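Which chain is which? The protein sequence lines are U and E, in order.
According to the working numbering, the first sequence is numbered sequentially starting from 140.
According to the working numbering, the second sequence is numbered sequentially starting from 140.
Backbone N, C-alpha and C fix where the C-beta goes; we use that ideal spot for every residue, glycine too.
These figures come from a predicted structure and were not determined experimentally.
Everything below concerns the one structure shown next.
There are 2 protein chains.
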Amino acid sequence: MAEELDRRGQILDAAFEEFSMKGFKGATIKSIAGAAGLQSPALIYWYFPDKEALFNAVLTTHAPLRGAIEDPASMMDRPPEEVLPEIARAYFATVNNPVSQRMMKLLVGEAMRRPGLADMLGKATAVRVLGFLKEYLSRQVELGRLRPHDTRSGARAFVGMLIPQAMGTILFPALREDGLTDEAHVETAVGIFLEGLRPKV
Amino acid sequence: MAEELDRRGQILDAAFEEFSMKGFKGATIKSIAGAAGLQSPALIYWYFPDKEALFNAVLTTHAPLRGAIEDPASMMDRPPEEVLPEIARAYFATVNNPVSQRMMKLLVGEAMRRPGLADMLGKATAVRVLGFLKEYLSRQVELGRLRPHDTRSGARAFVGMLIPQAMGTILFPALREDGLTDEAHVETAVGIFLEGLRPKV
DNA sequence: TACGCATGATTGAACGTTCTGTCAAGTATT
DNA sequence: AATACTTGACAGAACGTTCAATCATGCGTA
Numbered sequence: 140m141a142e143e144l145d146r147r148g149q150i151l152d153a154a155f156e157e158f159s160m161k162g163f164k165g166a167t168i169k170s171i172a173g174a175a176g177l178q179s180p181a182l183i184y185w186y187f188p189d190k191e192a193l194f195n196a197v198l199t200t201h202a203p204l205r206g207a208i209e210d211p212a213s214m215m216d217r218p219p220e221e222v223l224p225e226i227a228r229a230y231f232a233t234v235n236n237p238v239s240q241r242m243m244k245l246l247v248g249e250a251m252r253r254p255g256l257a258d259m260l261g262k263a264t265a266v267r268v269l270g271f272l273k274e275y276l277s278r279q280v281e282l283g284r285l286r287p288h289d290t291r292s293g294a295r296a297f298v299g300m301l302i303p304q305a306m307g308t309i310l311f312p313a314l315r316e317d318g319l320t321d322e323a324h325v326e327t328a329v330g331i332f333l334e335g336l337r338p339k340v
Numbered sequence: 140m141a142e143e144l145d146r147r148g149q150i151l152d153a154a155f156e157e158f159s160m161k162g163f164k165g166a167t168i169k170s171i172a173g174a175a176g177l178q179s180p181a182l183i184y185w186y187f188p189d190k191e192a193l194f195n196a197v198l199t200t201h202a203p204l205r206g207a208i209e210d211p212a213s214m215m216d217r218p219p220e221e222v223l224p225e226i227a228r229a230y231f232a233t234v235n236n237p238v239s240q241r242m243m244k245l246l247v248g249e250a251m252r253r254p255g256l257a258d259m260l261g262k263a264t265a266v267r268v269l270g271f272l273k274e275y276l277s278r279q280v281e282l283g284r285l286r287p288h289d290t291r292s293g294a295r296a297f298v299g300m301l302i303p304q305a306m307g308t309i310l311f312p313a314l315r316e317d318g319l320t321d322e323a324h325v326e327t328a329v330g331i332f333l334e335g336l337r338p339k340v
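Put into structure tokens, the structure is as follows:
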């Protein structure tokens, strides 16, 4: 049978699903085994030493959470009118990816109770993205394409502007009821941001 | 003894602490009883029918989560240069309140796995705040104090700009390492927003 | 004042269930 | 026959919850 080929992968997939839906405590070895189509939960212990190890394996397998920024270096000198919408669209693309959605739910839900995970998540994602954006904004200020400002703040402001719309897809469907599309939001938000930082003449 | 007066309150406080730290599944009746200084977990069942009811009681007692907006009606006609920083500061004030922090951790952590709670949270908080802001921005456009734009987007952008800085205090301490203060961020972010929506001459 | 008693509050022990993790025995494949 | 994998049964602990028994307190009655 083709589907029996990778038992480990089967278990990992089921565990990912279960953990992201119910959390670490809420998902049980039995429910994971059931979701994986195993006849006995004991089989999980053949592939993983314990529940915690399975959880970590799930985390690291799906970990990449590809940075939305493809080629940081090449972006540095391109104008913000091009780069910022690109970043925003890449951001919404990952947010709309079902696998990424599950991963975010899992990470955020669990990070609340695992300071170590929160720290990792913060450093790996937030700091890296904000860090790049800060560098980029500073460079654009240098080039005279943006008004001088506190780029730490600018970076936060830019990614932040996208967050409520993203939360609408992940967590609060009620937010989407006014019908604002991602694309429309990108245009307006990026417009406000660029206009707000346009160099004075 | 004064502290023995309100057993129910004692249990609620302990449960709030435990639930917010460990989540619904992670917090046990025994650990809550211990935190409340009870000799026996059984006593909890004198005051609450079961664990779920205790959880709901915690939620509703601490529920208010006071809207950061004091008097919506009076704000509508005041200029954005005044109103927006006020809202932003009120926002950071609640974010820096330890009780609110615990409540947010509890709500966010649990909302990931309780669609009903997520929906309530979305409607009660997000939609209300965004709704008010949208109205306010529309009114200011009407008054000619802001450039015409999609105010659904504008509202999201404004509250969003504050979120990354807020996450730094609640979830990702690593974010604060660059030393940006709330006040500095409010000034820069509000500045970008206002400049970005300044009416064309 | 003294006594019997109702009532709310509290306790330790116990119950049934569910959980993680183990084990010996099995099957298939090489 | 040896190895890799799979299974049902099971041990031990922890879980939420129940229960009978106890305590403290105040009230009515003699």
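What does a CB cutoff of less than 7 Å around residue i pick up in its chain, not counting 5 residues either side in sequence?
i, result
"U/G335", "none"
"E/R217", "none"
"U/L276", "L285, T290, G293, A294"
"E/I168", "P180, I183, K190"
Between residue i and the rest of its own chain, which residues show a CB-CB distance below 6 Å, the 5 nearest in sequence each way excluded?
i, result
"U/R315", "G307"
"U/M214", "V222"
"U/L260", "L246, A250"
"U/G248", "G162"
"E/D145", "none"
"U/V280", "P287"
"U/Q357", "An answer regarding residue 357 of chain U cannot be provided, because it is not within the stretch 140 to 340 covered by chain U."
For residue i, does the count of other Cβ atoms within 10 angstroms reach 16, so buried, or fall short, so exposed?
i, result
"U/P219", "buried"
"E/L151", "buried"
"E/S159", "buried"
"E/E157", "buried"
"E/S179", "exposed"
"E/K244", "buried"
"U/A212", "exposed"
"E/V238", "exposed"
"E/A181", "exposed"
"E/P338", "exposed"
"E/A265", "buried"
"E/A232", "exposed"
"U/V234", "buried"
"E/F155", "buried"
"E/V325", "buried"
Does residue i come out as helix, strand or coil in the three-state DSSP assignment?
i, result
"U/T320", "coil"
"E/D210", "coil"
"U/G270", "helix"
"U/L99", "Coverage of chain U is limited to positions 140 through 340, which leaves residue 99 of chain U absent and any answer about it impossible."
"U/G255", "helix"
"E/F231", "helix"
"E/S292", "helix"
"U/M215", "coil"
"E/H199", "His is not the amino acid found at residue 199 of chain E; the sequence shown has Thr there. Note: E/T199 maps to helix in three-state DSSP."
"U/M140", "Model confidence at U/M140 stands at a pLDDT of 35, short of 50, so the residue's coordinates are unreliable; what they give is reported in the following sentence. Coil."
"E/S170", "helix"
"E/P287", "coil"
"E/F187", "coil"
"U/V340", "coil"
"E/S179", "coil"
At least one CB of chain E closer than 9 Å to the CB of residue i: is that the case?
i, result
"U/F155", "no"
"U/M140", "At U/M140, the pLDDT of 35 sits below 50, so the modelled position is not reliable; the number obtained from the coordinates is stated separately. Closer than 9 Å: no."
"U/D189", "no"
"U/M214", "no"
"U/P312", "yes"
"U/V238", "no"
"U/R291", "yes"
"U/T233", "no"
"U/P303", "yes"
"U/R278", "no"
"U/A295", "The amino acid occupying residue 295 of chain U in the given sequence is Arg; Ala does not appear at that position. At least one chain E Cβ lies under 9 Å of U/R295."
"U/L151", "no"
"U/V340", "no"
Could you confirm whether any beta carbon from chain U is found closer than 9 Å to the beta carbon of residue i?
i, result
"E/I331", "yes"
"E/M306", "yes"
"E/E334", "yes"
"E/T200", "no"
"E/M242", "no"
"E/R252", "yes"
"E/G283", "no"
Could you round the C-beta distance between residue i and residue j to whole angstroms and report it? I think they count as a contact, below 8 Å.
i, j, result
"E/A202", "U/L310", "Not confirmed; about 18 Å, so no contact."
"E/A296", "U/I331", "6 Å"
"U/L193", "U/I183", "7 Å"
"E/M300", "U/M242", "Wrong, their Cβ atoms sit about 25 Å apart, outside the cutoff."
"U/Q304", "U/D321", "6 Å"
"U/A313", "E/K262", "5 Å"
Excluding five sequence neighbours on each side, which residues of the same chain lie with their C-beta closer than 8 Å to the C-beta of residue i?
i, result
"E/K161", "S170"
"E/A257", "A250, M251"
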